[in-house]
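Visitor: If you read the sequence shown in the numbering used here, its first letter stands for residue 3, the second for the next number, and so on. Just so you know, even glycine gets a beta-carbon here, dropped at the ideal spot from N, CA and C. No experiment lies behind these values; they were computed from the predicted model shown. The structure under discussion is supplied below as structure tokens; questions concerning it will follow.
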Amino acid sequence: MITVVGIGPGGTQDYLFDRAKDAIAAAELIIGSERQLKIVPANKINKCRQLPRNLDDLAVFLTDHQNEEIVLLASGDPLTYGIGKWLTKRFSSEKLTILPGISSLHYLFNRLNIPMEDCFITSSHGRIPDFSLLFKLPKVGIVTDKVNGPYQLAQEAVKRGSKTIFYIGENLSYSDEKISCYKACEVPDEDYQMNAVVMINEG
Numbered sequence: 003m004i005t006v007v008g009i010g011p012g013g014t015q016d017y018l019f020d021r022a023k024d025a026i027a028a029a030e031l032i033i034g035s036e037r038q039l040k041i042v043p044a045n046k047i048n049k050c051r052q053l054p055r056n057l058d059d060l061a062v063f064l065t066d067h068q069n070e071e072i073v074l075l076a077s078g079d080p081l082t083y084g085i086g087k088w089l090t091k092r093f094s095s096e097k098l099t100i101l102p103g104i105s106s107l108h109y110l111f112n113r114l115n116i117p118m119e120d121c122f123i124t125s126s127h128g129r130i131p132d133f134s135l136l137f138k139l140p141k142v143g144i145v146t147d148k149v150n151g152p153y154q155l156a157q158e159a160v161k162r163g164s165k166t167i168f169y170i171g172e173n174l175s176y177s178d179e180k181i182s183c184y185k186a187c188e189v190p191d192e193d194y195q196m197n198a199v200v201m202i203n204e205g
């Protein structure tokens with residue numbers, strides 16, 4: 003059985019649900035990135051394995067160890083632009099349990115005290131967003147990558163004359179968490195760390 007555990011923002015165990023903690027405690031094998039594995043209790047460290055860089059290698063590894071109780075750690079929420087979707091296409095529901103976590107966007111909206119029920123959620127990881135759509139919508143939450151990050155999004159807003167306010171959350175829930183607010187024309191060209199962005203389009 004593979005249990006995918008959404009670890010939330012990941013800075014501490016504070017945002018882990020009880021079922022997630024129980025799954026980690028019962029696991030025979032825990033897979034995650036170096037950063038994710040830091041939340042694992044000290045008495046389970048010997049059960050930890052580094053997440054393979056290649057997803058095909060991960061699929062082979064999971065298949066080879068399918069007789070063990072495996073926990074696969076996932077940042078944020080596994081089914082909100084996470085690894086959950088990839089896993090559902092490769093493993094049956096009988097072999098796969100997904101435990102939700104708090105996504106970085108959920109966390110950021112709540113840190114900002116901004117309601118998110120009318121928000122459009124998307125990602126720019128490995129894809130080019132539909133910029134024409136994004137800047138027509140009143141409220142957008144987006145997780146970004148190095149190619150289409152906060153600065154690149156802001157330039158697209160400026161190009162379209164959109165009056166967009168950018169809230170940029172970096173290293174959310176970690177000790178070096180940083181949340182910044184800019185008008186589109188003010189967003190700096192920087193190397194943003196593990197970021198999520200809330201865009202409010204004011205017309």
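(1) Below 9 Å between beta carbons: does that hold for F63 and I33?
(2) Residue ranges of each alpha helix (DSSP H) run of no fewer than 4 residues wholly in the segment 94 to 125, ordered along the chain?
(3) Considering only residues of the same chain and omitting the five flanking positions on each side of E71, which have a CB-CB separation below 8 Å?
(4) Residues bridged to T166 by DSSP?
(5) Using a 10 Å radius around the Cβ and a threshold of 16 neighbouring Cβ atoms, would you call P190 buried or exposed?
(6) Output the distance between the C-alpha atoms of E172 and N115, rounded to the nearest integer angstrom.
(7) How far does the beta strand (DSSP E) with Q52 in it reach, from first residue to last?
(8) For Y2 versus Y194, is the C-beta spacing smaller than 9 Å?
Guide: Working from what's here:
(1) Yes. Within cutoff.
(2) With a minimum length of 4 residues, the continuous alpha helix (DSSP H) runs that stay inside the segment 94 to 125 are 106 to 114.
(3) Non-local C-beta neighbours of E71 in its own chain, meaning closer than 8 Å and more than five positions away in sequence, comprise M3, T5, A28, A29, E30, L31, ordered along the chain.
(4) The partner list for T166 (beta bridge, DSSP) reads N203.
(5) Burial is judged here by how many other beta carbons sit within 10 angstroms of a residue's own beta carbon; P190 has fewer than 16 and is exposed.
(6) A straight-line Cα-Cα distance of about 17 Å links E172 and N115.
(7) From DSSP, the beta strand (DSSP E) with Q52 extends over 50 to 52.
(8) Because the chain is modelled from 3 through 205, residue 2 falls outside the range shown and cannot be assessed.
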